[in-house]
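Enquirer: Residue numbers (my numbering): 1 to 294.
Glycine included, C-beta positions come from ideal geometry on N, C-alpha and C.
Treat the numbers as computed from the prediction; the structure is a model and nothing was measured.
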Ligand SMILES: NC(=O)c1ccc[n+]([C@@H]2O[C@H](COP(=O)([O-])OP(=O)(O)OC[C@H]3O[C@@H](n4cnc5c(N)ncnc54)[C@H](O)[C@@H]3O)[C@@H](O)[C@H]2O)c1
């Protein structure tokens, strides 16, 4: 099976790694808007796999074989995949354009399945006008480690496509959960408002960053606190998902915290920009409302 992954960022590189590690996958096209972005995505995969070799969990031969399956480049290299997983930015027009352009170049495989890793957008709208309706194949971060795949059917998605994506998810060692299209699907409909609420709690001065995270870790047995998780997901992604849920439902309970908007405008996006609720300078992780201990 050949797979095209569109977007080589946080999710795209993890998804490409997940497919390349699967013995049933022969080739992965990892694509981005610039060749160096795609190469950087493959570089991240190499770094992750090198760590596994260092820990004795993988051999160098296995790593070479996995990396050998991944070809990087612009979206135009992706001409004969059996499956496309789009993992570019969380923007409706951008995603529609990606698929619109891809449909004309994937002439060698008319049976290609069009899937999107969107966190919240309408699958039906993304796929409108494509040769076959789109499906949501929603991986979680980090994709190689997280077991869940939400399989999201738009109103026109064929049942056979749903069944095939569930099978492919199992082939990757994941557990698929079938979901009908709705803003935020299941996980983000529940998780993202919780992160937003934590930002309100912080901005209302109710507790400090570290204490909010400790409270949710120890009080609810969550492995990560909501503010550190927001930083890890990317606060721009958190805001984009909230905007979609808020806009599509019209329900004020989903309104984004003003502080979240302000942080995104100021490029304080979390881990990926080096600062969010925590400061990641010099490999540390210090809440921004505390002084670093030197
Ligand atoms: N970050 C998460 O935790 C998470 C989890 C699940 C799903 N998602 C979803 O996955 C998608 C990607 O998120 P991310 O966190 O990897 O973002 P990211 O910003 O890390 O990466 C996006 C990549 O897409 C590239 N890109 C932009 N336009 C493109 C185009 N037209 N063609 C090809 N590549 C293009 C960018 O250059 C960038 O490298 C989004 O839809 C997001 O909502 C994110």
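Which ranges does the alpha helix (DSSP H) cover as unbroken runs of at least 4 residues, wholly within the region 123-163, from first to last along the chain?
Expert: As far as the region 123-163 is concerned, its whole alpha helix (DSSP H) runs of at least 4 residues are 123-127.
Enquirer: Between 168, 247, 172, which has its C-alpha nearest residue 120's C-alpha?
Expert: For the purposes of this step, residue 120 is taken as residue 120 along the chain shown, with counting starting at 1. Considering only alpha carbons, the answer is 247.
Enquirer: Looking only at its chain, what residues have a beta carbon closer than 7 Å to the beta carbon of residue 195, apart from the 5 residues adjacent to it on each side?
Expert: Residue mapping note: residue 195 aligns to position 195 of the chain shown, counting from 1. Cβ within range, chain order: 226, 229, 230, 238.
Enquirer: Checking 9 Å against the spacing of the C-beta atoms, do residue 14 and residue 143 come in under that value?
Expert: What you label residue 14 is simply residue 14 of the chain shown in a count that begins at 1. What you label residue 143 is simply residue 143 of the chain shown in a count that begins at 1. Taking 9 Å as the Cβ cut-off, residue 14 and residue 143 qualify as a contacting pair.
Enquirer: Taking C-beta to C-beta, are residue 154 and residue 129 nearer than 9 Å?
Expert: Taking the first residue of the chain shown as position 1, residue 154 is located at position 154. Taking the first residue of the chain shown as position 1, residue 129 is located at position 129. Contact flag unset, no.
Enquirer: Helix, strand or coil for residue 278? Go by DSSP, reduced to three states.
Expert: Within the chain shown, residue 278 is the residue found at index 278, counting from 1. Note: residue 278 maps to strand in three-state DSSP.
Enquirer: Taking 8 Å as the cut-off, is the beta-carbon of residue 90 closer than that to any non-hydrogen atom of ligand 1?
Expert: On the chain shown, residue 90 is found 90 positions in, with the first residue counted as 1. Yes, since a heavy atom of ligand 1 falls inside the 8 Å radius drawn around the Cβ of residue 90.
Enquirer: Of the residues 255, 241, 235, which one's Cα is nearest the Cα of residue 277?
Expert: Stepping through the chain shown from its first residue, residue 277 is reached at position 277. The shortest C-alpha separation from residue 277 is found at 235.
Enquirer: Nearest CA to the CA of residue 87: which residue from 3, 170, 131, 133?
Expert: Position 87 of the chain shown holds residue 87. Taking only the C-alpha atoms, the option nearest residue 87 is 3.
Enquirer: Quick check: the region 58-66 against the region 153-169, are at least 3 beta-carbon pairs closer than 8 Å?
Expert: Judged by Cβ distances under 8 Å, the region 153-169 makes no contact with the region 58-66, as fewer than three pairs qualify.
Enquirer: How do the region 17-34 and the region 70-85 stand: do at least 3 beta-carbon pairs fall below 8 Å, yes or no?
Expert: Result yes; three or more Cβ-Cβ pairs closer than 8 Å.
Enquirer: What separation, rounded to the nearest whole angstrom, lies between the Cα atoms of residue 177 and residue 241?
Expert: Locating residue 177 in the chain shown gives position 177, where the first residue counts as 1. Locating residue 241 in the chain shown gives position 241, where the first residue counts as 1. About 20 Å.
Enquirer: In whole angstroms, what is the alpha-carbon distance linking residue 224 and residue 200?
Expert: Numbered from its first residue, the chain shown carries residue 224 at position 224. Numbered from its first residue, the chain shown carries residue 200 at position 200. Roughly 18 Å between the two C-alpha positions.
Enquirer: Which value, in whole angstroms, describes the spacing of the CA atoms of residue 165 and residue 151?
Expert: Position 165 of the chain shown, counted from the first residue, corresponds to residue 165. Position 151 of the chain shown, counted from the first residue, corresponds to residue 151. Each residue's Cα considered, the two are about 7 Å apart.
Enquirer: Looking only at its chain, what residues have a beta carbon closer than 7 Å to the beta carbon of residue 263, apart from the 5 residues adjacent to it on each side?
Expert: Sequence index remark: in the chain shown, residue 263 carries index 263 (1-based). If we look at residue 263 and ignore the five residues flanking it on each side, its Cβ neighbours are 235, 276.
Enquirer: What does a CB cutoff of less than 7 Å around residue 243 pick up in its chain, not counting 5 residues either side in sequence?
Expert: For the purposes of this step, residue 243 is taken as residue 243 along the chain shown, with counting starting at 1. Contacts found: 256.
Enquirer: Rounding to the nearest angstrom, what Cα-Cα distance links residue 75 and residue 90 in this structure?
Expert: As a position in the chain shown, residue 75 is number 75, starting the count at 1. As a position in the chain shown, residue 90 is number 90, starting the count at 1. One C-alpha to the other measures close to 17 Å.
Enquirer: Is the beta carbon of residue 212 sitting closer than 9 Å to the one on residue 202?
Expert: Mapped onto the chain shown, residue 212 falls at position 212. Mapped onto the chain shown, residue 202 falls at position 202. Contact flag set, yes.
Enquirer: Which class does residue 287 belong to by DSSP, given the choice of helix, strand or coil?
Expert: Along the chain shown, one-based indexing puts residue 287 at 287. Three-state DSSP puts residue 287 in a strand.
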